[in-house]
Amino acid sequence: MTEAAVAVDGVTVRYGDVLALEDVAFSVPAGRICGLLGTNGSGKSTLFRTVIGMLTPERGTVRLHGHPPARARARGVVGYVPQAEQVDWAFPVRVVDVVMMGRYGHMGPTRRPRAADRAAVADALERTGLTDLAHRQIGALSGGQRKRAFVARGIAQGARVFLLDEPFAGVDKGSEATIVEVLRGMRDDGRTLLVSTHDLASVPDFCDEAVLLQQRVVAHGRPEEVLTPQRLLAAFGVGAGTGRAV
Amino acid sequence: MEALVEWFAVPFQFDFMRRALLVSVVAGAVCAVLSCWMTLIGWSLLADAVSHAVLPGVVLSYLFGLPFAAGALVFGAGSVALIGVVRRTSRVKADAATGIVFTAMFAIGVVLISRIPSDTDLMHILFGNVLGVSDADIAQILVMAAATLLVVLFKHRDITLFAFDPTHAHAIGLNPRRLEALLLGLLSVTVVIALQAVGIIMVVAMMIIPGATAYLLTDRFERMLVISVAVSVGASVLGTYASFHLNVATGGTIVVAQALAFTLAYLFAPRQGVVWRGRARTARAGETVPAR
Ligand SMILES: Nc1ncnc2c1ncn2[C@@H]1O[C@H](COP(=O)(O)OP(=O)(O)OP(=O)(O)O)[C@@H](O)[C@H]1O
Ligand SMILES: [Mg+2]
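Line by line, the protein sequences are chains A and B.
In terms of the UniProt record's numbering, the first sequence is residues 1 to 246.
In terms of the UniProt record's numbering, the second sequence is residues 1 to 292.
(1) How far does the beta strand (DSSP E) with Ser27 of chain A in it reach, from first residue to last?
(2) Shorter than 8 Å from the beta carbon of Tyr266 of chain B to some beta carbon of chain A?
(3) Is the beta carbon of Ala152 of chain A less than 8 Å from the beta carbon of Ala124 of chain A?
(4) Buried or exposed: Leu150 of chain B, going by 16 or more other Cβ atoms within 10 Å of its Cβ?
(5) Beta-carbon within less than 6 Å of Val180 of chain A's beta-carbon, same chain only, minus the 5 sequence neighbours each way: which residues are those?
(6) Compare the C-beta of Asp17 of chain A against all C-beta atoms of chain B and say whether one is closer than 8 Å.
(7) So is Gln272 of chain B in contact with chain A if we call contact Cβ pairs under 8 Å?
(8) On a CA-only basis, which of B:Leu186, B:Phe221, B:Arg220, B:Met1 is nearest Met207 of chain B? Give me that one, please.
(9) Taking 8 Å as the CB-CB limit, is Thr110 of chain A close to chain B?
(10) Does DSSP put Cys34 of chain A in a helix, a strand or coil?
(11) Does Gln13 of chain B pass the burial test, meaning 16 or more other C-beta atoms within 10 Å, or should it be called exposed?
(12) Using three-state DSSP, classify Ser44 of chain B as helix, strand or coil.
(13) Please name the residues in the segment 37-63 of chain B whose beta-carbon is closer than 8 Å to at least one beta-carbon of chain A, in chain order.
(14) Would you mind working out which of A:Arg148, A:Arg112, A:Arg71 sits nearest Phe168 of chain A, comparing C-alpha positions?
(15) Using only the heavy atoms of ligand 2, determine whether one of them is closer than 7 Å to the beta carbon of Lys147 of chain A.
(16) Can you find a CB in chain A that lies within less than 8 Å of the CB of Met202 of chain B?
(17) Determine whether the Cβ of Leu161 of chain B lies closer than 8 Å to any Cβ atom of chain A.
(18) Closer than 8 Å by beta-carbon distance: list the chain B residues that pair up with Gln157 of chain A, in chain order.
(19) To the nearest angstrom, report how far apart Ala145 of chain B and Asp117 of chain A are at their CA atoms.
(20) For Arg157 of chain B, decide whether its Cβ has a neighbour in chain A, counting only Cβ atoms nearer than 8 Å.
(21) In whole angstroms, give me the CA-to-CA distance for Gly273 of chain B and Val226 of chain A.
(22) For Val237 of chain B, which residues from the same chain have a beta carbon less than 8 Å from its beta carbon, with the 5 sequence-adjacent residues on both sides left out?
(23) In this structure, how does DSSP classify Ala20 of chain B when only helix, strand and coil are distinguished?
(24) Can you list the residues of chain B that Phe91 of chain A reaches, using a CB-CB cut of under 7 Å?
(25) At a Cβ threshold of 8 Å, is Phe154 of chain B touching chain A?
(26) Any chance you could list the beta strand (DSSP E) runs of at least 3 consecutive residues sitting entirely within the segment 142-194 of chain A, in chain order?
(27) Using C-beta distances below 6 Å, list every residue in its chain close to Ala245 of chain A, excluding the 5 sequence neighbours before and after it, in chain order.
(28) Return yes when at least one heavy atom of ligand 1 lies under 7 Å from the C-beta of Ser45 of chain A, else no.
(29) Tell me Gln137 of chain A's beta-bridge partners as DSSP assigns them.
(30) Going along the segment 124-139 of chain B in order, which residues come within less than 8 Å of chain A, judged by CB to CB distance?
(31) Is Gly286 of chain B helix, strand or coil by DSSP?
(32) Is the Cβ of Pro223 of chain A closer than 8 Å to any Cβ of chain B?
(33) Report the neighbours of Met54 of chain A on chain B: residues whose CB is nearer than 8 Å to its CB, in chain order.
(34) Counting only C-beta atoms, is Arg148 of chain A closer than 8 Å to chain B at any point?
(35) Any Cβ of chain B within less than 8 Å of the Cβ of Arg14 of chain A?
(36) Examine chain B for any beta-carbon lying closer than 8 Å to the beta-carbon of Arg73 of chain A, and answer yes or no.
Structural data, given as structure tokens:
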């Protein structure tokens with residue numbers, strides 16, 4: 001098998017006294033969608049922050065296509081779609097401006113866009129179905145469209161590994177289907193997606209594999225292997241077949 | 001018409017008025033640019049803090065006959081660093097750390113001021129002395145303004161990205177910490193520029209009002225920059241002239257002019273203004289105005 005797109009090995013992260021991740025190890029091969037499941041406070045966002053190198057683990061290593069996080073960032077390997085609460089939706093930027101921010105790593109020091117950057121942005125908008133909304137202010141979009149705008153930013157960036165934190169929170173079924181379609185298209189291009197979600201019902205639909213997280217990796221495998229009633233009961237305190245778990 | 005021309009032309013014959021206009025326009029323009037990021041990130045308190053924390057630096061410069069900018073810059077940048085240290089190394093929250101550091105610095109300045117021989121100097125430090133700026137002051141202001149605008153010209157897109165989404169900045173290999181430090185450095189320099197125009201107490205107005213006004217008028221950052229500068233420069237010119245004709249304090253008049261501009265935008269901005277929003281609500285619900 002080729003090298004893993006995401007390889008997390010023995011990662012332990014602490015915030016002061018709070019142990020957020022303990023000896024977390026798993027790897028995801030390239031071209032897969034991996035669901036990251038866990039309750040509030042199970043460490044999903046912490047894991048994402050560690051993977052992009054915002055947090056340095058106390059122990060353990062992260063590799064993205066074989067590179068440590070700093071090198072992977074410098075090469076534009078990682079794209080990050082933030083949790084909705086982390087975004088200032090009233091910020092005076094348009095959709096096209098946000099997507100253009102994905103290109104900054106490819107530009108000169110003043111980040112002046114060139115033709116190639118404009119083309120990449122137009123293509124990313126097209127693929128996420130946002131071309132007609134390109135000149136809207138970012139907050140003047142529906143929940144699903146907002147998510148797609150950030151996905152478009154990652155596409156324009158050319159990221160090979162994508163981290164999406166709760167992309168389906170506050171998104172209706174129709175929008176969710178559109179996003180899933182976009183994500184599948186990206187996977188079919190050989191990109192790797194790590195998607196945290198509470199929406200257990202949709203996991204078997206669009207994930208190739210799933211990681212159940214509760215400070216440690218409780219289970220990792222095909223979605224139907226991971227989403228067994230016992231494991232869900234252990235991790236979420238709910239039975240199988242339940243919709244949203246929190 | 002003639003009266004209007006005269007209103008502008010007569011004061012312009014005086015050398016001190018031309019200098020005052022130069023200083024207030026330059027300070028207004030630079031502050032306006034920075035104020036866009038201050039309002040968007042939510043750094044108003046920080047801007048206020050830095051402006052007060054430079055007091056001991058200004059007083060020491062006075063006492064030792066140094067260029068005012070030297071002391072002010074040292075204390076401005078130093079207090080920003082100190083706020084960061086207190087915040088990171090204790091459980092005290094950012095706003096409390098800011099409040100402690102800036103009042104402490106200001107207090108040190110007040111103590112030092114008792115050493116200043118005349119009360120006029122004190123008033124100038126606190127409330128500005130734009131009608132009496134020296135050649136040396138003007139030179140310092142022009143150098144600092146040029147440096148600030150040059151950095152902004154090259155780095156404004158990175159700074160805006162930092163303001164909007166520091167995590168993404170980090171993910172694509174930029175250094176948000178360094179961008180934050182750059183913006184804080186620019187903030188310190190800008191505060192020192194504005195000191196001469198409106199004095200320590202009112203610098204914060206120049207650092208917030210233009211950006212906040214522009215924010216009510218547009219949804220695009222580039223336009224926000226342009227509007228902010230236009231509002232601020234307009235207020236500087238009108239304020240300086242009005243203070244001449246009314247024979248009142250120049251710094252205060254400039255800030256009053258800015259506050260008027262904000263009030264107009266607050267009431268009548270095309271989409272954000274409370275007057276139109278009130279009407280839209282009474283007209284019919286559900287018909288929100290589409291974004292540009
Ligand atoms: N900045 C912080 N300081 C201290 N503890 C933190 C911090 N951020 C997170 N934690 C703790 O670390 C643990 C994991 O948090 P994390 O945000 O990673 O969870 P999560 O799985 O993303 O939760 P959610 O589903 O609510 O987003 C929690 O116990 C949380 O309280
Ligand atoms: Mg989270």
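Glycine residues also receive a C-beta, built at the ideal position from the N, C-alpha and C atoms.
In brief:
(1) For the purposes of this step, residue 27 of chain A is identified with residue 27 of the first sequence, where counting begins at 1. Looking at the DSSP string, the run of the beta strand (DSSP E) that includes Ser27 of chain A is 18-28.
(2) Counting from 1 along the second sequence, the entry for residue 266 of chain B is found at position 266. Answer no: the Cβ-Cβ gap between Tyr266 of chain B and chain A never drops below 8 Å.
(3) As a working note, residue 152 of chain A is residue 152 in the first sequence. As a working note, residue 124 of chain A is residue 124 in the first sequence. Yes, Cβ-Cβ distance for Ala152 of chain A and Ala124 of chain A is below 8 Å.
(4) Sequence index remark: in the second sequence, residue 150 of chain B carries index 150 (1-based). So Leu150 of chain B ends up on the exposed side.
(5) Position 180 of the first sequence, counted from the start, is the residue given in the question as residue 180 of chain A. Closer than 6 Å at the Cβ level, and outside the excluded window around Val180 of chain A, lie Phe206.
(6) Taking the first residue of the first sequence as 1, we reach residue 17 of chain A at position 17. Closer than 8 Å: no.
(7) Sequence index remark: in the second sequence, residue 272 of chain B carries index 272 (1-based). No - not a single Cβ of chain A is within 8 Å of the one on Gln272 of chain B.
(8) Along the second sequence, read from residue 1 onward, the residue named residue 207 of chain B stands at position 207. Out of B:Leu186, B:Phe221, B:Arg220, B:Met1, B:Leu186 has the C-alpha closest to the C-alpha of Met207 of chain B.
(9) Working through the first sequence from its first residue, we reach residue 110 of chain A at position 110. Answer yes: the Cβ-Cβ gap between Thr110 of chain A and chain B drops below 8 Å somewhere.
(10) Translated into positions along the first sequence, residue 34 of chain A becomes position 34. Strand at Cys34 of chain A.
(11) Counted from its first residue, the second sequence places residue 13 of chain B at position 13. Gln13 of chain B comes out exposed.
(12) Within the second sequence, residue 44 of chain B is the residue found at index 44, counting from 1. Helix, per DSSP.
(13) Leu40
(14) Counting from one through the first sequence, the residue named residue 168 of chain A turns up at place 168. It is A:Arg148.
(15) Residue 147 of chain A sits at position 147 when you count from the first residue of the first sequence. Checking the Cβ of Lys147 of chain A against ligand 2 gives no.
(16) As a first step, residue 202 of chain B must be located in the second sequence, where it is residue number 202. It does not; no Cβ of chain A falls within 8 Å.
(17) Taking the second sequence and counting its residues from 1, one reaches residue 161 of chain B at position 161. Yes, Leu161 of chain B counts as interfacial toward chain A.
(18) Your numbering for residue 157 of chain A matches position 157 in the first sequence. Ile172, listed in chain order.
(19) Along the second sequence, read from residue 1 onward, the residue named residue 145 of chain B stands at position 145. Along the first sequence, read from residue 1 onward, the residue named residue 117 of chain A stands at position 117. The alpha-carbon atoms of Ala145 of chain B and Asp117 of chain A are separated by roughly 32 Å.
(20) Counted from its first residue, the second sequence places residue 157 of chain B at position 157. By this cut-off, Arg157 of chain B is an interface position.
(21) Locating residue 273 of chain B in the second sequence gives position 273, where the first residue counts as 1. Locating residue 226 of chain A in the first sequence gives position 226, where the first residue counts as 1. Straight-line Cα distance between these residues: approximately 53 Å.
(22) In the second sequence, the residue the question calls residue 237 of chain B occupies position 237. The answer, listed in chain order, is Leu21, Ser24, Val25.
(23) Residue mapping note: residue 20 of chain B aligns to position 20 of the second sequence, counting from 1. Looking at Ala20 of chain B - three-state DSSP - the assignment turns out to be helix.
(24) As a working mapping, residue 91 of chain A is identified with position 91 in the first sequence. Result: Leu40, Phe164.
(25) If you number the second sequence from 1, residue 154 of chain B lands on position 154. Yes, Phe154 of chain B counts as interfacial toward chain A.
(26) 161-165
(27) Locating residue 245 of chain A in the first sequence gives position 245, counting from the first residue. With a pLDDT of 42 at Ala245 of chain A, under the threshold of 50, the modelled position of this residue cannot be trusted; read the value that follows with caution. Around Ala245 of chain A: His198, Leu200, Phe236, Val238.
(28) Counting from one through the first sequence, the residue named residue 45 of chain A turns up at place 45. Yes.
(29) As a working note, residue 137 of chain A is residue 137 in the first sequence. Beta-bridge pairing links Gln137 of chain A to A:Arg94.
(30) none
(31) Position 286 of the second sequence, counting from 1, holds the residue named residue 286 of chain B. Note on Gly286 of chain B: pLDDT 49, under 50, position unreliable in the model; the coordinate value appears next. Residue state, collapsed to three classes: coil.
(32) Here residue 223 of chain A is taken as the residue at index 223 of the first sequence, counted from 1. For Pro223 of chain A, the answer is no, since every Cβ of chain B falls outside 8 Å of its Cβ.
(33) Indexing the first sequence from 1 puts residue 54 of chain A at position 54. The contacting residues are Thr167, His170.
(34) Position 148 of the first sequence holds residue 148 of chain A. Cβ-Cβ to chain B under 8 Å: no for Arg148 of chain A.
(35) The residue you call residue 14 of chain A lines up with position 14 of the first sequence. With 8 Å as the cut-off, Arg14 of chain A does not count as an interface residue toward chain B.
(36) Counting from one through the first sequence, the residue named residue 73 of chain A turns up at place 73. Chain B contact via Cβ: present.
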